[in-house]
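Remarks on the structure that follows.
Residue numbers (the numbering used here): 253 to 402.
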């Protein structure tokens, strides 16, 4: 869209406001597990729209694009769709186990280097933005656990 602060059809400020709004009610009374479940649900809702948008971009790339890096663009979109779908399948418990969030984020970050010429780099940023609330919550809780055990 060209608007400053926006990434394609996604407005990070608006998305973050929606996620926070969904989490605001009674958050202070929730256990970590409940916070994680609610955060994951909010992120899943956003990822569903993200996947739909990726599908649309895939169709455009496959059938309408004559871009120089068509194969790279298509491969990045498929990879992003697969990663978003994978995140949807994780349970809240999965995300807390074995640093799945951390390795998931690292894998997404590597996509920028893996696909340097793709016109869809912004979607890597968007996916990172979507999964970051869950990742931050897990990291925060682990840090709190370490502090309280010392």
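We put the CB at the ideal spot given by N, CA and C, even for glycine.
In this text, all values refer to a predicted model and were calculated from it rather than measured experimentally.
Nearest to residue i (by Cα), restricted to the options the options
i           : options            : result
residue 287 : 347, 369, 357      : 347
residue 356 : 367, 374, 381, 294 : 381
residue 342 : 398, 284, 266, 289 : 289
residue 303 : 366, 359, 339, 345 : 339
residue 266 : 394, 298, 374      : 298
residue 351 : 301, 291, 294, 395 : 395
residue 284 : 360, 364, 345      : 345
residue 324 : 294, 376, 369      : 369
residue 359 : 377, 371, 301      : 377
residue 371 : 320, 291, 294      : 320
Integer Cβ distance of residue i from residue j, believed to fall under 8 Å
i           : j           : result
residue 406 : residue 335 : The structure shown does not extend to residue 406, since the chain spans only 253 to 402, so no value can be given for it.
residue 387 : residue 353 : 4 Å
residue 306 : residue 282 : Actually they do not touch by this definition, with Cβ atoms about 31 Å apart.
residue 337 : residue 363 : 15 Å between Cβ atoms; not a contact.
Residues of its chain near residue i, where Cβ-Cβ distance is below 6 Å and the 5 sequence neighbours each way are ignored
i           : result
residue 326 : 313
residue 296 : 340
residue 278 : Legend: pLDDT at residue 278 = 48, less than 50; position of this residue unreliable, no value from coordinates given.
residue 367 : 324, 328
Outcome for residue i when other beta-carbon atoms lying within 10 angstroms are tallied against a minimum of 16
i           : result
residue 385 : buried
residue 392 : exposed
residue 390 : buried
residue 398 : exposed
residue 315 : exposed
residue 308 : exposed
residue 383 : buried
residue 333 : buried
residue 291 : buried
Residues of its chain near residue i, where Cβ-Cβ distance is below 8 Å and the 5 sequence neighbours each way are ignored
i           : result
residue 322 : 313
residue 407 : Any question about residue 407 goes unanswered here, given that the chain covers just 253 to 402.
residue 310 : 326, 329, 330, 333
Curious, which full-length alpha helix (DSSP H) runs of at least 4 residues does the segment 275 to 319 contain?
284 to 311
Length at least 4, wholly inside the segment 374 to 399: the alpha helix (DSSP H) runs in chain order
Correct list: empty.
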